[in-house]
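First comes the structure, then the notes that go with it.
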Amino acid sequence: MTVNPGHSPHSDEALPEDRFLDREESWLRFNQRVLELAEDSTLPLLERVRFLSIFASNLDEFFMVRVAGLARRMATGLAVQSASGRQPREVLERTAGVAHELMLRHAAAFRNEIRPALGKEGIDILRWDELAETEQERLRRLFRDRIYPVLTPLVVDSAHPFPYISGLSLNLAVIVRDPETDATMFARVKVPPLLPRFIEASADRFTPLEDVIAAHLGQLFIGMEVVEHHAFRVTRNQDLEIDDDISEGLLQALERELLRRRFGPVVRLEVEESISDGVLELLTEELQVHDSQIYRVGGPLDLGGLAAIADLDRPELKYVPFVPSKAALPDDVSIFSAIRERDVLVHHPYDSFTTSVQRLIEDAAADKRVLAIKQTLYRTSGDSPIVDALMNAAEAGKQVVVVVELKARFDERANIAWARKLETAGCHVVYGFVGLKTHCKLALIVRQDADGTLRRYCHIGTGNYHPKTARLYEDFGLLTANPEVGEDVSALFNHLTGYSRQNSYHRLLVAPNSLRSGLVQRIEHEIENHRAGHAARIRIKCNSLVDEVVIDALYRASQEGVPVEIWVRGICALRPGVPGLSETIKVRSVLGRFLEHSRVFAFENGGEPEVWLGSADLMHRNLDRRVEALVSVNDRAQRQELLTLLDTAMDDGTQAWTLAGDGAWTRAAAPPGETLLDIQTHLVRSRRWKTVDG
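In structure tokens, the structure reads:
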């Protein structure tokens, strides 16, 4: 998009045109940091395998959504110059170049580092020719019994057109020759996606599924000569395009779109480097891909399947397990009395999600004093105890309102299923606003307490109500019975379910109406404090920083001398450390065992820090096209806990990557004889000690 500096209250102060980094390349550099974890020999081996898998899955999504979206906009003439100043074709070319580089590096890390290291630990990933004869014989029986029945070879000739290749499917391109006519033909064999990606030939010895199929192609093409075969894989556009016509049922429209998705245009063709020129030319022509969309890498392809190897029961090759703390809400105390007494701040996965947030919903469902439960659901697990609790509450006669976001990317099918299940149980299911995703993480419980008072108990979080990811994602949640917060959350639910147009709240900032402006106002207040000689400082933790209005406000704060510290996991379009523009801005990124997911915003406020947490990232979609919410943290000790965490992450003695003004990320290295603090390990240990002490 083209930046409109007129949005800024300081539009008369010109900022340089090249002040933004390219968001697509910034995302690829984030995935590069994931790859660097896979390359880190100090990490447990199976965790390195998992990071290889995460890199591959991340890149799949990047091509399906970001690259495909840009290509689609270019094809329709809607693409415009990016905020970084690059033309759309330049962005695609640069993206392709960086992605090629990273994919080759990824394949090399598997081939040269991870695979040999696994072999030393007795875990072998072998190609067919490397298997023992007894293993090959076992797999021949497996092929006959389990694989052969589900294969469908499709030949291409004058009577059979080139078959449709579904997105992310792994395939074999096969050339066969008829010995009677000497004619050659192309055939495609799809590798069944429901079978394991890597087949176990014997204990802890695996081979790619396509190798097993390739070794038995003669049984698929009886009487023919198999001349050559090569694995290939395509990535298609998988972003959702829903016409948000209010007269059309959103759920039905989404179900149709999920079917249409399979036929999106190809945006990437992955082939093994051994593929012949003739077969590659045929695939290129039939799939209508450009040379820049072809990615030749060392096999095997689709290393996202390494997740199954990472899951092997070899605890000595993984992170040391830990039990989340229950200290925040002890089992022997009523959760309602505990929240009435004081606000409770929980930090997942270090604090137990099960005994705090999940317990709140389950106890509310079972409590006869609870009259109503209202909750937003963006993503949840297939066997969600929270969904079960909501259904139990409805069946018990409580009023239950659930705002379900159907269009949570790649979770749409699951969300449709749970929406229907909730409706069947008697819950009032609302699908949010037309044109806006409901991304805020809110729960509201209305309870008539023993003293006769009708109180509202709230949870405002930074992460989804998903018990499984709560063990892997780092998130904060605030549980409170504060009347102002209760009034705010009630008003926001009325906004989500009815026609309320309330835009101002006591302790919430809500997108799309007041969140961006509320943050910018606080940034400007820090500028005013600095000018007046008062304490001024800005600290931000987020997943992505892209919004140009917020970035420009931070630049102006830096130009005035305000210290700005940004802890970002993924994309950052801000250039730190640029003379005259961002000299006081420092940007760091922490990646590791857990996915850093929380969003925290802290403003020094003249010595009385103001701290907010919530669901919103600093991106256009979050601030303009989603319902997001931040809540102010008023407890002094809790504010200090959050500020200490931010300071620890930004300390030079902490393991992290630091961003330079040119977009390059550098991983911190410890001085000789010293070690850097791993902030996640530190928090695991501190929670363990807290639990033991308790």
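Numbered continuously in our numbering, the sequence shown closes out at residue 1060.
Even glycine gets a Cβ: it sits at the ideal position worked out from N, Cα and C.
Beta-carbon separation (whole angstroms), residue i vs residue j, contact threshold 8 Å
{"i": "V592", "j": "V540", "result": "6 Å"}
{"i": "C908", "j": "L1025", "result": "The pair is not a contact, with the Cβ atoms about 13 Å apart (cut-off 8 Å)."}
{"i": "R965", "j": "G946", "result": "At roughly 29 Å, the Cβ-Cβ gap does not stay under 8 Å, so R965 and G946 are not in contact."}
{"i": "V916", "j": "L885", "result": "6 Å"}
{"i": "L536", "j": "A597", "result": "6 Å"}
{"i": "R745", "j": "N830", "result": "4 Å"}
{"i": "P751", "j": "E771", "result": "In fact, because the Cβ distance is near 19 Å, the residues do not count as touching under 8 Å."}
{"i": "A968", "j": "L911", "result": "Incorrect: roughly 15 Å between the Cβ atoms, too far for contact."}
{"i": "T550", "j": "V542", "result": "7 Å"}
{"i": "L411", "j": "A483", "result": "6 Å"}
{"i": "R430", "j": "R602", "result": "Residue identity differs from the one stated: residue 430 is Met in this sequence, not Arg. Correct: roughly 7 Å between the Cβ atoms."}
{"i": "F528", "j": "A449", "result": "Wrong, their Cβ atoms sit about 40 Å apart, outside the cutoff."}
{"i": "K764", "j": "L737", "result": "6 Å"}
Nearest to residue i (by Cα), restricted to the options the options
{"i": "A473", "options": "G485, L436, L536 and A404", "result": "A404"}
{"i": "S856", "options": "V812, G884, K486 and R507", "result": "V812"}
{"i": "L583", "options": "A732, A759, S568 and L538", "result": "L538"}
{"i": "L520", "options": "D733, L858 and A553", "result": "A553"}
{"i": "T846", "options": "R882, L862, I705 and G763", "result": "I705"}
{"i": "E427", "options": "L411, E402, N397 and S448", "result": "N397"}
{"i": "S722", "options": "A731, V736, D523 and D697", "result": "D697"}
{"i": "A693", "options": "I675, L470 and T720", "result": "T720"}
{"i": "S423", "options": "A901, A759, G671 and H805", "result": "G671"}
{"i": "V522", "options": "P515, V516, Y514 and I531", "result": "I531"}
{"i": "E639", "options": "G665, D657, H656 and Q741", "result": "G665"}
{"i": "T547", "options": "G589, R563, F572 and Q502", "result": "G589"}
{"i": "D570", "options": "E707, I675 and A877", "result": "I675"}
{"i": "D913", "options": "A902, N988 and A995", "result": "N988"}
{"i": "G973", "options": "R903, S924, A1022 and D1017", "result": "R903"}
{"i": "V663", "options": "V637, F688 and L957", "result": "V637"}
{"i": "R399", "options": "S955, A730, Q887 and V766", "result": "S955"}
{"i": "Y685", "options": "L381, R414 and S524", "result": "R414"}
Residue i vs residue j beta-carbon contact at 8 Å
{"i": "R873", "j": "S998", "result": "yes"}
{"i": "D717", "j": "R1053", "result": "yes"}
{"i": "L669", "j": "S407", "result": "no"}
{"i": "V769", "j": "G798", "result": "yes"}
{"i": "T1020", "j": "I1045", "result": "yes"}
{"i": "L828", "j": "K807", "result": "For the sequence presented, residue 828 should be read as Thr rather than Leu. For T828 and K807, yes; Cβs fall inside 8 Å."}
{"i": "L1012", "j": "W933", "result": "yes"}
{"i": "V633", "j": "A434", "result": "yes"}
{"i": "D815", "j": "R822", "result": "no"}
{"i": "E402", "j": "L683", "result": "no"}
{"i": "P454", "j": "A445", "result": "yes"}
{"i": "G1027", "j": "V944", "result": "yes"}
{"i": "L492", "j": "I565", "result": "no"}
{"i": "E840", "j": "F960", "result": "yes"}
{"i": "P690", "j": "P715", "result": "yes"}
{"i": "G443", "j": "E383", "result": "no"}
{"i": "R481", "j": "E391", "result": "no"}
{"i": "K734", "j": "L810", "result": "no"}
{"i": "K803", "j": "R991", "result": "yes"}
Residue i, enclosing beta strand (DSSP E) - first and last residue
{"i": "E566", "result": "F564 to S568"}
{"i": "E949", "result": "Element bounds for E949: n/a, residue is neither H nor E."}
{"i": "A539", "result": "L536 to R543"}
{"i": "Y839", "result": "Y839 to T846"}
{"i": "E594", "result": "E591 to R602"}
{"i": "T573", "result": "R571 to P574"}
{"i": "I727", "result": "Note, I727: premise wrong, no beta strand (DSSP E); alpha helix (DSSP H) at R725 to A732."}
{"i": "T550", "result": "T550 to K556"}
{"i": "H714", "result": "V710 to H714"}
{"i": "A877", "result": "L874 to A877"}
{"i": "V521", "result": "L520 to V522"}
{"i": "R965", "result": "R965 to F969"}
CB contact below 8 Å: residue i versus chain C
{"i": "V956", "result": "The structure shown contains no chain C; it is built from a single protein chain."}
Endpoints, alpha helix (DSSP H) assigned at residue i
{"i": "S1076", "result": "It is not possible to answer for residue 1076, since the shown part of the chain is limited to 367 through 1060."}
{"i": "T1032", "result": "Counting along the chain, T1032 falls outside any alpha helix (DSSP H), though it belongs to the beta strand (DSSP E) covering W1031 to R1033."}
{"i": "R395", "result": "R389 to A404"}
{"i": "F960", "result": "No alpha helix (DSSP H) contains F960, which DSSP labels as neither H nor E."}
{"i": "F859", "result": "P849 to T863"}
Contact test: residue i Cβ vs the ligand NAD heavy atom, cutoff 7 Å
{"i": "R680", "result": "Looking for the ligand NAD in the displayed structure turns up nothing, as the structure carries no ligands at all."}
Length-filtered (4 minimum) alpha helix (DSSP H) runs lying within the stretch 409-443: 411-428 and 434-441
Every unbroken alpha helix (DSSP H) inside the stretch 460-509 [4 residues or more]: 481-486 and 499-508
Every unbroken alpha helix (DSSP H) inside the stretch 633-703 [4 residues or more]: 643-653 and 673-676
Start-end ranges of the beta strand (DSSP E) lying completely within the stretch 979-1026, minimum 3 residues: DSSP runs (the beta strand (DSSP E)) wholly in the stretch 979-1026: 992-999 and 1023-1025.
Complete beta strand (DSSP E) runs within the stretch 742-820 (minimum length 3 residues, chain order): Those beta strand (DSSP E) runs which fall completely within the stretch 742-820 and span 3+ residues are 765-770, 794-796 and 807-814.
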